[in-house]
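J.: Quick note: the sequence shown uses full-length UniProt numbering, first residue 1, plus one each step.
Ideal Cβ positions, reconstructed from N, Cα and C, are used throughout, including at glycine.
A quick note: this is a predicted structure, and the numbers were derived from the prediction, not measured.
Dumping the structure here so I can ask a few things about it.
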Amino acid sequence: MSVVFGNTEYCPHFFVTLVQVTFSFFDMQMEEHNSTHLQISSGIDMTDFSEELVRPTTEDEQGEPSVRSGSGMCFPWLQNHIESIASGGKQEKDFAQTTSACLSFIQEALLKHQWQRAAEYMHSFLQILEDTDSNKRQGAPEISLQHALYLLHHGLLEDANRILTQAETWRYGEKSSSQEVLVNLIQAYKGLLQYYSWSKKKMELSQLDKDDYAYNTASQNMLNHSWKTSVNLCTLIQIPGVWDPFVKSYVEMLEFYGDRDGAREVLNNYAYDEKFPSNPNAHVYLYNFLKREKAPREKLISVLKILYQIVPSHKLMLEFHRLLRKSDKQEHHKLGLEVLFGILDFAGCTKNITAWKYLAKYLKQTLMGSHLAWVQEEWNSRKSWWPSFHFSHFWAKRNWKDDKTLACEKALVAGLLLGKGCKYFRYVSKQDHQVLKKKMKQMKKSVKKYSIVNSGL
Numbered sequence: 001m002s003v004v005f006g007n008t009e010y011c012p013h014f015f016v017t018l019v020q021v022t023f024s025f026f027d028m029q030m031e032e033h034n035s036t037h038l039q040i041s042s043g044i045d046m047t048d049f050s051e052e053l054v055r056p057t058t059e060d061e062q063g064e065p066s067v068r069s070g071s072g073m074c075f076p077w078l079q080n081h082i083e084s085i086a087s088g089g090k091q092e093k094d095f096a097q098t099t100s101a102c103l104s105f106i107q108e109a110l111l112k113h114q115w116q117r118a119a120e121y122m123h124s125f126l127q128i129l130e131d132t133d134s135n136k137r138q139g140a141p142e143i144s145l146q147h148a149l150y151l152l153h154h155g156l157l158e159d160a161n162r163i164l165t166q167a168e169t170w171r172y173g174e175k176s177s178s179q180e181v182l183v184n185l186i187q188a189y190k191g192l193l194q195y196y197s198w199s200k201k202k203m204e205l206s207q208l209d210k211d212d213y214a215y216n217t218a219s220q221n222m223l224n225h226s227w228k229t230s231v232n233l234c235t236l237i238q239i240p241g242v243w244d245p246f247v248k249s250y251v252e253m254l255e256f257y258g259d260r261d262g263a264r265e266v267l268n269n270y271a272y273d274e275k276f277p278s279n280p281n282a283h284v285y286l287y288n289f290l291k292r293e294k295a296p297r298e299k300l301i302s303v304l305k306i307l308y309q310i311v312p313s314h315k316l317m318l319e320f321h322r323l324l325r326k327s328d329k330q331e332h333h334k335l336g337l338e339v340l341f342g343i344l345d346f347a348g349c350t351k352n353i354t355a356w357k358y359l360a361k362y363l364k365q366t367l368m369g370s371h372l373a374w375v376q377e378e379w380n381s382r383k384s385w386w387p388s389f390h391f392s393h394f395w396a397k398r399n400w401k402d403d404k405t406l407a408c409e410k411a412l413v414a415g416l417l418l419g420k421g422c423k424y425f426r427y428v429s430k431q432d433h434q435v436l437k438k439k440m441k442q443m444k445k446s447v448k449k450y451s452i453v454n455s456g457l
C-alpha cells in the first residue's frame, strides 16, 4: 500500500500511521475543557503530526494536491485540512478540526459506497457531542439516518433499529424546526421497523386458531407493536411532505383494527390537503381504500379524475375508462374516450394491447352513437403527429411481426381515423392469416362504414 501526495509516494509506514491517527480522532478526550493541548490515544502529538504532513514540497512534487491510498480512494478532506493548517490563517480549535475531518471521511465513504468503513466510524462519530460547534452537532442525526437506511436496505433490521434509537434520543441545544422534522423522520423509520415486526406477528396470528391461548397472546403482542408504531408514524405524516411508505403502513394497521374512519381521514388529508405536495400515489392509496370499502362509482370516478390530471398514462387509467364507460352520464362517456387517447399519447404505452382494444371498440361505439364531434375533438390535436407516431408503414410491419393481434386492433383504429388509404391499415388488411381472417373482414367493413374521413359522416 502506498500514499500519493502531489507526485510523491510516501512509504507504507506513513500511511499506516495516518490511518491510526484518523481512527484515534474519534477516541480523543479533553484533559481539561479549557486546555488547547490534545493528547491522542495512539501517543502521537497532533502538532508533530501536522508538521509532518505539511512539510514543504519540492518542484517535482507540484501538481494538483490530493491524498490517495493504494486502492485508489481519494481523501480531498485531508488535503483541505493540511492546507488550512499550513495557511496560518484563523483556525478552528483542534477538536473542531478533527471532528470536521471525521465527518467528511464518513461522507466520503458513503458516497463511494464503502459502507463497511462508514459503519465502523458511525458509532464513534457520536462523540462529536463533546464539541461546542453547534453546526457539527446538528449533522449527527442525518448521518445516522443514512447509515440506518443502508442497514435496512440490506436487511440488517436489528442494527438499523439500534442506530435509529441512538439518533432518536440525540439532542443538542434549542431544537430547530428542520432538526425537529429530521428527528420525526428518524422516529418514523423506527415505526417502519416496528410495522415490519407487526406484519410478521399478523402473519403468525392468521395461522392460529382463535380458540387457542396462543392466539390471545399473539394478538396482545400485535396490539402493543401497533401502538408504538402509530405513535412514531402519526407525527410524521401530519407534516407536509411525501411519506408514501409511512402512510401505507399506518393505514393498514388502522384498517386491521377496524378504524376505517381514521384510515379514511388520513388518506383524504394526504391526497387533498393543499399544504402537501402533489402526489399521484396519495390518490392511488385513497382509491384502493375506497374500492375495499365498496364506495359508490361516482366517488371512485372523482378520485381517479384527479389522478388522470396528474398522470394521464397511469396504469389505473384503463380502470378509470371502464368506470366512465359504465356511468349513466354522457359527460363521463365523452371523458372515457379522452382518457384512452391520453394513454396512447405516451411512448411507453404504444404496445399496450388492452388500450388499443379498448380504443378500437369504444371508437366504433362512439361513431355508431353519432358522436362524431367527440372523436374529431380528440383527433384534431393529434392528426399532425399520431400517423407517424403510431400508424407508419414501419410500425405496421413491426407490429404484424411481433404481435398480430395488436396490429389488427391498431389497424382498425387507423382505418377509422385516417380511412382505408392509411399505410398502416393497408399493410395489415393485405396480410393473409387464416386465424384472423374473420376479424380482418369485420375490420374492413367497420372502416368502410364508420371512418371519419368518409363523406357520409
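#1: Under three-state DSSP, which class holds residue 306?
#2: Could you check where the alpha helix (DSSP H) with residue 261 kicks off and where it finishes?
#3: Beta carbon of residue 360, beta carbon of residue 413: below 7 Å?
#4: For residue 336, count neighbouring Cβ atoms within 10 angstroms of its own Cβ and tell me buried if that reaches 16, exposed if not.
#5: Comparing C-alpha positions only, which one of 404, 394 and 206 sits nearest to residue 357?
#6: In this structure, how does DSSP classify residue 245 when only helix, strand and coil are distinguished?
#7: For the 8 Å Cβ check, are there 3 or more pairs between the segment 383-399 and the segment 438-452?
#8: Could you check the C-alpha separation between residue 324 and residue 203 for me, to the nearest Å?
#9: Measure from the alpha carbon of residue 164 to the alpha carbon of each residue in 264, 275, 326 and 183, then state which is nearest.
#10: How many Å lie between residue 396 and residue 429 at the Cα?
#11: Go through its chain and collect everything with a Cβ distance to residue 19's Cβ below 8 Å, but skip five positions before and after it.
#12: Report yes or no: do three or more beta-carbon pairs, one from the segment 301-312 and one from the segment 338-347, lie closer than 8 Å?
#13: Indicate whether residue 279 and residue 242 have their beta-carbon atoms separated by less than 7 Å.
#14: Go ahead and pull the three-state DSSP assignment for residue 283.
#15: To the nearest angstrom, how far is the alpha carbon of residue 283 from that of residue 392?
#16: Considering only C-alpha positions, which residue in the set 354, 256 and 298 is nearest to residue 329?
#17: From what residue to what residue does the alpha helix (DSSP H) around residue 446 run?
#18: Is it buried or exposed, residue 394, if we count other Cβ atoms within 10 angstroms and call 16 or more buried?
#19: Which of helix, strand or coil does DSSP assign to residue 394?
#20: Does the beta-carbon of residue 321 have 16 or more other beta-carbons within 10 angstroms, so that it is buried, or is it exposed?
#21: Using C-beta distances below 7 Å, list every residue in its chain close to residue 161, excluding the 5 sequence neighbours before and after it, in chain order.
#22: Go ahead and label residue 70 buried or exposed: buried means 16 or more other beta carbons lie within 10 angstroms of its beta carbon, across all protein chains shown.
#23: Go ahead and label residue 445 buried or exposed: buried means 16 or more other beta carbons lie within 10 angstroms of its beta carbon, across all protein chains shown.
#24: For the alpha helix (DSSP H) containing residue 366, name the first residue and the last one.
#25: Quick one: measure Cβ to Cβ for residue 247 and residue 270, integer angstroms, because I've assumed they're closer than 8 Å.
#26: Under a three-way DSSP split, which group does residue 421 fall into?
#27: Let me make sure I understand the geometry here. Which of 234, 420 and 353 has the alpha-carbon closest to that of residue 454?
#28: Classify residue 266: buried if its beta carbon has 16 or more other beta carbons within 10 angstroms, exposed otherwise.
#29: In the DSSP assignment, find the unbroken alpha helix (DSSP H) run with residue 341 in it and report its ends.
#30: Buried or exposed, going by whether 16 or more other CB atoms sit within 10 Å of the CB of residue 45?
#31: Quick check: the Cα distance between residue 244 and residue 250, rounded to an integer number of angstroms?
#32: Please state whether DSSP places residue 155 in a helix, a strand or coil.
#33: Thinking C-beta only, is residue 416 closer than 7 Å to residue 362?
#34: Just to confirm before moving on: does the CB-CB distance between residue 300 and residue 290 stay below 7 Å?
T.: Working from what's here:
#1: helix
#2: 260-272
#3: yes
#4: buried
#5: 404
#6: helix
#7: no
#8: 37 Å
#9: 183
#10: 10 Å
#11: Caution is warranted here: a pLDDT of 33 is assigned to residue 19, below 50, making its placement in the model unreliable, and the coordinate value is therefore given only provisionally. So no residue of the chain qualifies.
#12: yes
#13: yes
#14: helix
#15: 37 Å
#16: 298
#17: 437-450
#18: exposed
#19: helix
#20: buried
#21: 190 and 193
#22: Low local confidence applies: a pLDDT of 33 at residue 70 is under 50, so the model's placement there is unreliable, with the coordinate-based value given in what follows. Exposed is the call here.
#23: exposed
#24: 353-368
#25: 5 Å
#26: coil
#27: 420
#28: buried
#29: 330-343
#30: Because the pLDDT of residue 45 is 39, which lies under 50, any placement of that residue in the model is unreliable, and the number read from its coordinates should be weighed accordingly. When all chains shown are included, residue 45 counts as exposed.
#31: 10 Å
#32: coil
#33: no
#34: yes
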